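Worksheet: one structure, shown below.
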Amino acid sequence: MGSKGINALSPALHQVLNFEGHPCHVYESSCSLIITANNGKQYTLTRRIASSDEITINEILIFDGTTTTPKFVHSARDHGDQGFYQWLAEVNDLEIFNVESFNGESTKPLYMQNVFSLAFIEQTKGWSDIFSMMPSFGIKDPRQKVVEYSLGLNSLELNMKLDQIKADKNKIKGEWKRIDNDLIYRAQATQLYLSIFDKNKPITDNKIEAIYAAELNNEENEIKTSQVIKIIQKEIDASNKRIELTNTSQDISKDLISTREKIKESLSSYISERNDASGLYAEEKIKLTSFKSSLTSTINDIQGFQDVKKLSINRNWASLSTSKCPVCENSVENKKDAELSKETIEKSIAFLKSQKSTYEKYIEASESLLERYVSVLAYYDKSIALKRTQLDSIHKDLNSPSSQSVRGELEIQAELKNRLNDIKQFNSYLESTKDRMKELSKQYFILDVEEKRLKGLVSSDEGKIFKFKRSFITLLDSFGYKSNGVGNITIKDKHPHRLMPIVFMEGQEPQYIRYVSSASDFVRSIWSYYLCLLEMGSLHPGFLLMDEPGQHQMRVDSMKELLSHSSKLGKQVILAISQDRDYDEKDVNISKLIEGIDSKKIHMLHIDDKTYCISPIEIPTNDAGL
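Counted the way this note's numbering counts, the sequence shown spans residues 247 to 872.
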């Protein structure tokens, strides 16, 4: 209700209450609810309000007749292993669905708090709109999702699948853009440019195959790399022929022999160093994978201990994943299967946070090192290729009659071969990248076909939605709705205001019923909407609580019809109504509103204005009067 913890409650529950003129200080207080879950077992759920022990106000103590188990609410991960809502879903065999988040990039669960909005209308803010008090939790269209859930519409599951497909397609698009950026960077580094293709989403295999790299000649005409390779190879072949035309020299230059041996030594050193760097690169990749895995485990352990910290009894944590120090790799004491004290939990969390920080630093350093290794390997590959080209040139130079005349030719040839090697390497990378692009394209178009198929199945809910609309309008008419006439009202499975009541007015766009109804008529709309969901909802919680439904001086006939209809549903409807208040500008006692209703269908709980909800407990005594 806007306040945190016990401050949302009356001081009579946690500070002082007045009883028969005497102040009574409150030292301990709690509230309990007994439920029978769908598994057939009965549970007593207790929350402490004021307490002298360590039990916190966020804990719910669950007693199954034998043992007491604590779970927590209103805190992060209260749908997790130690959270109350996961337990509630499990014992009632409920599925916690995933729905699309508002940004469309990931999925979020349809929380139990969203579902509970079907069952409660709070007095001060609850009558301002349908599901006005529902928390959104960043879920896209939470109101529509809850209606789909309650009515058991196929569209909920279908839309959740569509949401997941959308998230998967966005992920593929992100990978596609990263590939494009990488290709552009590599092409620019090789002084090439890529042909135009769709950079935002995958394309067909034929279009992928058509992607090519090119360079511009002196006339700024486009030349594809396949043609460039042929041109460069022709120039190299022509250079070789010019060298062959030179007469063979009988004098072998000692300098050239010495240079050749030095190049051989340098080449051998490069190859050895390249192999060493390659080995270190492979080892570092394994380390990085291990660091990331350990970081994930450590984060899970921190969350687990933080969850257990929120409980006051039975603090057991049986899934400690990390048992070695990341620095010295010494064993760390495993705390599982032991009752954990607050001090132990705090120390464990502190240690795990330190461990997490260490892993994060290791990962950052490892990723930086891997980038350097990639650069080093690229340097060695280029240097080795160059040394081999130089050896080839020296070999030809040694067999030339005039080393001076041939040397210039060989230098030109070395440059050509270096350029040829760069282009071939880029082409090789482009071809391997095309294979990756085809994989992404295949995944994307499979998702695209499935998306179209599922969209075609969404219409299967038309019958249920039509029945819900007809029931809503009939009930709304019985409550005395007058604004615009019920004949102009409908509910449709399409935007805008999907699954919400809308009104068609001549000459205007369809309007949400709230915008074109009087205050009292919109309250009638809320009655009708919630009651129809209660009656028709196959997955509805099964009860409805309305706090002061007679808003805006509701007419007597409307109030009587509300109570009469509620009594016939065969469901638990709790109406909190003031005993004497104005209805239709008349002072009406509650007894007048239930006239004509079968008394067996109503349970009246009268709360005296003097004592409110508080009365002493009568403790039975034995024969001795003790």
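For every residue, glycine included, the Cβ atom is placed at its ideal position computed from N, Cα and C.
Keep in mind the model is a prediction, meaning the values are calculated, not measured.
In the same chain as residue 759, and ignoring 5 residues on each side of it, the C-beta atoms closer than 6 Å to its own belong to 747, 749 and 771, in chain order. Per DSSP, residue 395 is not a residue of any beta strand (DSSP E); the alpha helix (DSSP H) it occupies stretches across 388-397.
Scanning its chain for C-beta atoms nearer than 7 Å, with the 5 sequence neighbours on each side dropped, one finds around residue 323 the residues 329, 549 and 553, in chain order. Looking at the DSSP output, residue 818 bridges to 789. Burial of residue 718 is indicated by the presence of at least 16 other C-beta atoms within 10 angstroms of its C-beta. If you compare the alpha carbons of 259, 289, 270 and 410 with that of residue 277, the shortest gap goes to 259.
By the criterion of at least three beta-carbon pairs nearer than 8 Å, the stretch 812-832 is in contact with the stretch 777-786.
Residue 834 sits in a strand when the DSSP states are folded into three classes.
Approximately 18 Å separates the beta-carbon atoms of residue 619 and residue 675; this is outside 8 Å, ruling out the contact. Between the C-alpha atoms of residue 737 and residue 847 there is a straight-line separation of about 31 Å. Excluding residues up to 5 positions away in sequence, 394 and 395 lie with their Cβ nearer than 6 Å to the Cβ of residue 402 in the same chain. A contact between stretches requires three or more CB pairs, one per stretch, nearer than 8 Å, and the stretch 680-688 meets this requirement with the stretch 421-438. If the five residues before and after residue 544 are omitted, its C-beta is found closer than 7 Å to the C-beta atoms of 568, 598, 601, 602 and 605, all from its own chain and listed in chain order. As computed with DSSP, residue 329 is found in a beta bridge with 318. Going by beta carbons, residue 338 and residue 320 fall outside the 8 Å limit. Rounded to the nearest angstrom, the gap between the Cα atoms of residue 541 and residue 607 is 11 Å.
Sixteen is the threshold: since fewer than 16 other Cβ atoms of the shown chains lie within 10 Å of the Cβ of residue 262, the residue is exposed.
Secondary structure of residue 452 (DSSP, three-state): helix.
Taking a C-beta distance under 8 Å as the contact criterion, residue 664 and residue 632 qualify as a contact pair.
When the beta-carbon positions are compared, residue 358 and residue 397 stay at least 8 Å from each other. Here DSSP, grouped into helix, strand and coil, assigns residue 739 to coil.
The beta carbon of residue 830 sits closer than 6 Å to those of 801 and 802, all from its chain and outside the five residues before and after it, given in chain order. Here the alpha carbon of residue 764 sits roughly 27 Å from the alpha carbon of residue 362. Counting along the chain, the unbroken beta strand (DSSP E) around residue 307 starts and ends at 305-309. Within its own chain, the residues whose Cβ lies closer than 7 Å to the Cβ of residue 757, once the five positions on either side in sequence are excluded, are 748, 749 and 751, listed in chain order.
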